[in-house]
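All remarks here apply to the structure that follows.
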Amino acid sequence: MASRCSFFKGAVSALTLALASAPAFAQSTPASSATPAAAAAAPSSNATINLIRLLVKQGVISQRNADALVAEAEQEAAQARAQQSVASASPAAPPPPAPGVVRVPYVPEIVKKQIRDEVKQEVLAEARRDNWAQPEAVPAWSKRIKLHGDFRFRDEADIYSKNNTDEFIDFASFNANGPTDINSATNPFGLPFLNTRSNRYDRLSFRARLGVDATVVDGVDVGLRLASGGDNGPVSTTQLLGGGFGKKDIWLDQAFLSLRPSRYLDLMAGRMPNPFFSTDLVWDPDLNFDGIALTGDSKRPRWQGLSLFSSVGFFPIGYVGTNFPNNCGPLCSKSAEYQKWLLGGQVGLDWTEGNFDWRFGAAAYDFHNMQGELSTPCFTYLDFKECSTDQTRPAFMQKGNTLFLIRELVPPPPPEQAPEPQFVGLSFKYDVADVNQQLSYRIDDTQSITFGLDYARNLAYDTKYACRYAPLGLPITNIAPGGGGYIDACDTPTQGGLSKAKIQSGPNAYYANLTLGDPAPRSFGAWNVSLGYKYIEPDAVPDAFTDSDFHLGGTNAKGFIIGGSLGIYDNTWITARYLSANEVYGAPLAIDVAQLDLNARF
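If you want it as structure tokens, here you go:
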């Protein structure tokens, strides 16, 4: 039986091979159309078919098995012929290249495009899978934060006239390091004096500021800024280099919350940038405001090219200590609530007509409780450290305002041998009206000529305030002695040869300037030049907050300012200025300041 099965398998293989090699026969006599009788009767040219018929005739296999054998063989032969047709349709493999020959196959353009598209899709799929390019890949909070900052390197020279007085008391230091003993018998080292005659060259300094603006939600922002600075004074963030290579201080320069209930209103609270349209006549450019401010701006012209803006603010300047005074003697009691405030308001308009732009603002600044007050009798010789009105002295000063000694010291017996520790306070009130305008004519897209004029007046100025405590609390600065060297400006002497002293002060200040070129040269090749004149009488504004560069800060100064800027890279520029100033009243004090700055911002 096993030999018969092997025979059948071998017969099928042989028959398949024969049929595959003889397609004409297979097509002419398919198994589906040939009957057994016809197969037996009709001779075949195929030897294998004739062999099967012979086996049937001799009784080795049955006719049924022979028919099945032929059918199976024909099916396998058909499959073999199909595979052979596919193989024959494929081109023959090219011969191998000769040694040293590099074969570069030709790739059709359509195939190249298909390959590029497939690679692109694979890369994009991988990017989406790995969150390369999806917006969600960056945390949502990071998209609401914006960093900004600037850096300035400065070389400065301070040049003093040899004709200047050499007895100019440094009252800022007098208060900051005070109380200062004014009794020469007990203070042989004398009072602090300003340098007025020795020039200072190549004073290298820098200013660095880094800010963050964060959007909490639409209409709510938080602003923070850090800045350098040699001290915590309000009008300068300049840090002098040197100091034995010691590390430099960083201060919190701004920290505020901004609420915008509409596109026209902005409510700021905290320590914020200057909310007023102003110049450095009243406010130093580095000054920031503590408090609350509401600003409004119509944003676009409403009528004939006009738009309106306004600002109002409530700013604390200083608070009396909770337990003040702690140690001031038997006639002294806890101070009533005494807070120093600035109430400020401004209205203005913008007008645009052709190439002309005009901006105008009128502001009022009410400095509440800035005036010094005379103390109750104070027994410092009994080792009491405080007097009742010590906190009415200015928290910060530059120079120029009219001052008086605020402590009513009770002299001991003998009075010549007792220290007289004193502070100074402001003699006048300050309610400043400020009118500021800026007119520009655009020459082209980047160049313009701009004329600015700022006028300020202290509406509260009245010489009677300087004498309100007479014969005590007399003014000690801005006094022109009378005949015979008489220095009392509040009393007319009765002795022969003497005449009343005069208060040399005033309430007016103005600043005019002209600028030609790019107002803000922040790109390569951009430039401008400027010329200005400034005049500030001693009590026109509080000297603490005005420009700290002109006359090295403060009031009672007049003079010219020339300058220019040039962009050397995008957002990188150099600025040169020369500020030449003299005193308005009093002893000679001429100070020129030359500055060369290298600036960058981001």
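To get our numbering, take the position in the sequence shown, counting from 1, and add 163. Backbone N, C-alpha and C define an ideal beta-carbon position, used for all residues, glycine too. Predicted, not measured: the structure shown is a model, and the values here were computed from it.
By the DSSP assignment, the alpha helix (DSSP H) with residue i in it spans what residues?
i      : result
Asn338 : 334–339
Restricting to Cα atoms, I'd like to know which of the options is closest to residue i.
i      : options                        : result
Asp608 : Pro682, Phe542, Gly647         : Pro682
Leu742 : Glu319, Ile273, Ile278         : Glu319
Asp333 : Gln561, Asp702, Gly695, Asp755 : Gln561
Pro557 : Pro438, Pro751, Asn340         : Asn340
Gln534 : Gly730, Gly636, Val379, Leu367 : Gly636
Asp365 : Gly392, Ser399, Ile731, Arg317 : Arg317
Ser662 : Ala672, Ile650, Tyr673         : Ile650
Leu310 : Ser225, Leu373, Glu272         : Leu373
Ser473 : Tyr544, Phe439, Thr401, Thr349 : Phe439
Glu237 : Ile224, Ile212, Ser225         : Ile212
Leu420 : Val233, Asp710, Met435, Gln610 : Met435
Thr359 : Arg522, Tyr732, Asp321, Thr378 : Asp321
Ile345 : Pro574, Gln226, Arg740         : Pro574
Please state whether DSSP places residue i in a helix, a strand or coil.
i      : result
Leu357 : coil
Thr555 : helix
Ala187 : In this prediction, Ala187 scores a pLDDT of 40, lower than 50, which makes its location untrustworthy; the coordinate-derived value is nonetheless stated afterwards. Note: Ala187 maps to helix in three-state DSSP.
Asp280 : helix
Gln585 : strand
Ala203 : Because the pLDDT at Ala203 is just 44, under 50, the model does not fix this residue reliably, and the value given afterwards should be weighed accordingly. In this structure, Ala203 counts as helix in the three-state DSSP scheme.
Ser195 : Unreliable placement is indicated for Ser195, whose pLDDT of 42 sits below 50; no coordinate value is reported for it.
Ala231 : helix
Lys220 : helix
Ile212 : helix
Leu545 : helix
Lys172 : In this prediction, Lys172 scores a pLDDT of 49, lower than 50, which makes its location untrustworthy; no coordinate-derived value is stated.
Tyr628 : helix
Gly396 : coil
Val756 : strand
Val286 : helix
Glu130 : Because the chain is modelled from 164 through 765, residue 130 falls outside the range shown and cannot be assessed.
Ala241 : helix
Phe614 : strand
Val380 : strand
Gly374 : strand
I'd like to confirm something about residue i: is its beta-carbon nearer than 7 angstroms to some heavy atom of the ligand SAH, or not?
i      : result
Asn671 : This structure simply doesn't include the ligand SAH, nor any ligand for that matter.
Starting from residue i, trace the beta strand (DSSP E) in both directions and tell me its first and last residue.
i      : result
Met431 : 428–435
Ser661 : Per the sequence presented here, residue 661 reads as Leu, with Ser not at that position. From DSSP, Leu661 is part of no beta strand (DSSP E); its letter is neither H nor E.
Arg307 : Looking at the DSSP string, Arg307 is not in any beta strand (DSSP E), and its letter there is neither H nor E.
Glu516 : 503–516
Trp521 : 519–531
Val475 : 469–481
Phe352 : Unbroken run through Phe352: none, as it is neither H nor E.
Lys697 : 690–699
Thr458 : 452–460
Lys721 : 720–732
Asn745 : 735–745
Asp776 : No statement about residue 776 is possible, as the shown extent of the chain runs from 164 to 765 and does not include it.
Pro540 : Per DSSP, Pro540 belongs to no beta strand (DSSP E) and is neither H nor E.
Val445 : Element bounds for Val445: n/a, residue is neither H nor E.
Leu679 : 671–680
Gln417 : 413–425
With a threshold of 8 angstroms between beta-carbons, can residue i be considered close to chain D, or not?
i      : result
Ile215 : This model lacks chain D altogether; it includes just one protein chain.
Contact the segment 472–481 vs the segment 496–505: 3+ CB pairs below 8 angstroms: yes
Three or more C-beta pairs below 8 angstroms linking the segment 567–577 and the segment 506–522: no
The segment 678–695 in contact with the segment 616–626 per 3-pair CB rule at 8 angstroms: no
The segment 589–602 in contact with the segment 573–580 per 3-pair CB rule at 8 angstroms: no
Validate contact between the segment 610–622 and the segment 545–552 using beta carbons, cut 8 angstroms, 3 pairs: no
Stretch-stretch touch, CB-based, cutoff 8 angstroms, three pairs: the segment 666–675 with the segment 641–654: yes
Ordered list of beta strand (DSSP E) runs contained in the segment 561–610, each at least 3 residues: 566–568, 587–589, 593–605
The segment 424–436 in contact with the segment 450–462 per 3-pair CB rule at 8 angstroms: yes
Three CB pairs or more closer than 8 angstroms across the segment 513–530 and the segment 594–614: yes
The segment 743–755 contacting the segment 321–336, beta-carbon criterion three pairs below 8 angstroms: yes
The segment 372–389 / the segment 696–711 touching (three or more Cβ pairs under 8 angstroms): no
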